[in-house]
Each structure stands twice: as structure tokens, then as C-alpha cells.
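First residue of the sequence shown: 6, per the working numbering; consecutive thereafter.
No residue lacks a Cβ here, since even glycine has one placed at the ideal position from N, Cα and C.
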Amino acid sequence: MRFEGKTAIVTAAASGICRATALRLAREGAKVAAIDVSPAVEETVAQIRASGGSAEAYILDVTDRSHLAETLDRAEARLGPCDVLVNGVGRSSVGKGGGEFCDSNPEDWAEVLDLSLTSQMLICRRIVPGMRTRGYGRVVNISSVSWLMPTPRFADYAAAKAGVVGFTRVLAIEVARHGVTVNAVSPGPIETAATAKHPPETRARVEATIPMGHYGEPEDVAAAILFLASDEARFITAQNIVVGGGRGIV
Ligand SMILES: NC(=O)c1ccc[n+]([C@@H]2O[C@H](COP(=O)([O-])OP(=O)(O)OC[C@H]3O[C@@H](n4cnc5c(N)ncnc54)[C@H](O)[C@@H]3O)[C@@H](O)[C@H]2O)c1
């Protein structure tokens, strides 16, 4: 029960890594505001409540600036000031047919950067000042190994995810004296909705780049996120933990 009495805000909580994170935070005592653009976030919350945990669902497109602040304010008013923020939304343009950079168009990059980087910055801008005032906070921003291990067609995503780590490091040192830690987690290939679409030849090619030889599970990433969000990690800030079975070593 490392999060007893704590309020956690988790974005992308309807699926994959952040769903696993929301479930585990609740299991360890946190009150969870589960945010997602998909109504399936209600299922995450239903599962938490069925296990005796406390959670509320908020349906929000994190790129919708007009509703972002209002939703975060509502969540904090209902569940209490945010102690733990897990910023999980991100995706590449590959699933939408994005090609190599020389054939790409700036509208697609703008969408990926908005979704995967700017949204995390906007949420931190809204939540972290309160943490700084209260003298306590844990922020975990989700990056990806894609910026450590370049993959063709992922230029916009790699730029956004490298940006997440750069942003995380600067924010971390700005608030370090106020009891707030800010860290990043960079997953390697994980079994989620996005990677379930990988055809067998893609899966075999990707697995060949993972020293452990297989994709990870959402719970593997959730474990690292919970560690960074816990008080055990109180002296750790401005770091990036790669959860990738050895992929992405530099
Ligand atoms: N799965 C992997 O292999 C992998 C690897 C590296 C990094 N990541 C990163 O981990 C994070 C989570 O990925 P996942 O694979 O668990 O994802 P997922 O596809 O399982 O779930 C993503 C969730 O984000 C939600 N979402 C999408 N756009 C949104 C928006 N505009 N506003 C609010 N919610 C939105 C979706 O509805 C979905 O529930 C992402 O940032 C992703 O880039 C994943």
C-alpha cells in the first residue's frame, strides 16, 4: 500500500501500459483519476472499484486545450490535490500511414508532437505548480526507446519522445528543491493494442533487436512507473528508466 492516501492522475488509462499503471496504483491504495479519450476508460475504473479501489473516469482528448484545464481541476476537486501524475499519451504517425521523413508532411508531425509532447507539457504546467506549492509531487512522463534506437518512419515520434526526456530533465531540476521529482520511463516493445497489430515478420524483426528476445508486458512498465512514483524513489529525479529487455542501450 505504497500509495495509501495519495491521489494519482493517469492519462491514457483506458489501455495498455497506463491502464496497468492505474490498476496497480489503485491496488496500492491511490485514488485514481483515469483520463482517456476513449470511453473504455470507464472499464478501467469499473475494474478498480470491483477490487475495492477508488477511481473516477474522465473522458478527455488531451490535445483539447479548452477542456484540459477544466478536466484536471475537476479531478483534483473530486479526488484531492494530485500527488502522482503519470503522463502516458503518445503515438507515432506510422499507424496512420506515415512514411519516411523525406516523404512526410508537417501536419502529421504537428499532430504527433502535439499529442506526445505538448500535451504532457500542458498537463505538467497545470499540475506541477500545485505540487511545488504543497512541497510534494511525483511526475512520471512516458517516453519510448525509439529516440535511443532510431527506427525508419519514426522521425516525428522519436523527436517527440526525445523531447519528453529533455523536458522532464529541465522541469526536474527546476522543482527539485520543492519535494517534487520528475522522471521519465522509456518502454521498449510492449504487448499492447498498438503492437498487437504487428504482423509476424515485423514481430520477428523487432524481437531480434531485444536482447531478452521478446516483447514486455504492460505490467513490466507499470512496475518501473510505480517505483519512480513511490517514496522509495524520493532521491531520484531527472532520470529516464528504459524498460526494454535490454533494447535501446547507448
Ligand atoms: N506499447 C509499446 O510498445 C510502447 C513502446 C514505447 C512507448 N510506448 C508509449 O507508452 C504510452 C502508452 O502506450 P500503449 O502502447 O500502452 O498505448 P495503447 O495504445 O494501449 O493505449 C493508448 C491510450 O491512449 C489513449 N489516447 C490516445 N490519444 C489520446 C488523446 N488525444 N487523449 C487522451 N487519450 C488518448 C487511447 O484511447 C488509448 O486508451 C504511449 O506514450 C506510447 O508512446 C509504448
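Residue i - partner residues in DSSP beta bridges
{"i": "I147", "result": "V190"}
{"i": "A38", "result": "I14 and E61"}
{"i": "I195", "result": "G221"}
{"i": "V50", "result": "For V50, which the question treats as bridged, DSSP gives no partner whatsoever."}
{"i": "G142", "result": "V185"}
{"i": "V91", "result": "V15 and V145"}
{"i": "V99", "result": "Bridge partners of V99: none, in fact."}
{"i": "I178", "result": "None; I178 has no bridge partner."}
{"i": "I246", "result": "V190"}
8 Å contact criterion, which residue i and residue j should meet: CB distance rounded
{"i": "P194", "j": "V226", "result": "Not quite, the Cβ-Cβ distance comes to about 11 Å (not below 8 Å), so this is no contact."}
{"i": "Y98", "j": "E116", "result": "For the record, residue 98 in the displayed sequence is Ser; it is not Tyr. With a Cβ gap of about 7 Å, S98 and E116 count as contacting."}
{"i": "V46", "j": "A18", "result": "5 Å"}
{"i": "I230", "j": "V190", "result": "6 Å"}
{"i": "W114", "j": "D41", "result": "Not confirmed; about 23 Å, so no contact."}
{"i": "A165", "j": "L122", "result": "4 Å"}
Per-residue burial, residue i [other beta carbons within 10 Å of its own, 16 or more giving buried]
{"i": "F8", "result": "buried"}
{"i": "R292", "result": "Outside the modelled stretch of the chain, which goes from 6 to 255, sits residue 292, for which no answer is possible."}
{"i": "F240", "result": "exposed"}
{"i": "S71", "result": "exposed"}
{"i": "T26", "result": "buried"}
{"i": "C23", "result": "buried"}
{"i": "K202", "result": "exposed"}
{"i": "V175", "result": "exposed"}
{"i": "F172", "result": "buried"}
{"i": "F159", "result": "buried"}
{"i": "K101", "result": "exposed"}
{"i": "A234", "result": "buried"}
{"i": "T16", "result": "buried"}
{"i": "C107", "result": "exposed"}
{"i": "I254", "result": "exposed"}
{"i": "G95", "result": "buried"}
{"i": "R210", "result": "exposed"}
{"i": "G103", "result": "buried"}
8 Å CB neighbourhood of residue i in its chain, flanking five on each side removed
{"i": "R83", "result": "A38 and E61"}
{"i": "V133", "result": "L90, G142, V144, L176, V180, V185 and V187"}
{"i": "P155", "result": "A163"}
Sequence-distant residues of its chain with Cβ nearer than 6 Å to residue i (five each side left out)
{"i": "M217", "result": "G250 and G251"}
{"i": "E222", "result": "E196"}
{"i": "G85", "result": "T12"}
{"i": "E36", "result": "The residue you asked about is not Glu; residue 36 is Lys in the sequence shown. Same-chain partners within the cutoff: T12, S59 and L84."}
{"i": "R131", "result": "A74 and L77"}
{"i": "S20", "result": "A198"}
{"i": "A31", "result": "V37, I53, G58 and A60"}
Residues near residue i in its chain [Cβ-Cβ closer than 7 Å; skip 5 each side]
{"i": "T68", "result": "D119, L120 and S124"}
{"i": "R137", "result": "V180, H183 and V185"}
{"i": "P111", "result": "none"}
{"i": "T242", "result": "A177, A181, T186, V187 and N188"}
{"i": "F232", "result": "A238"}
Any C-beta of chain B under 9 Å from that of residue i
{"i": "I178", "result": "Structure shown: chain B not included; a single protein chain is present."}
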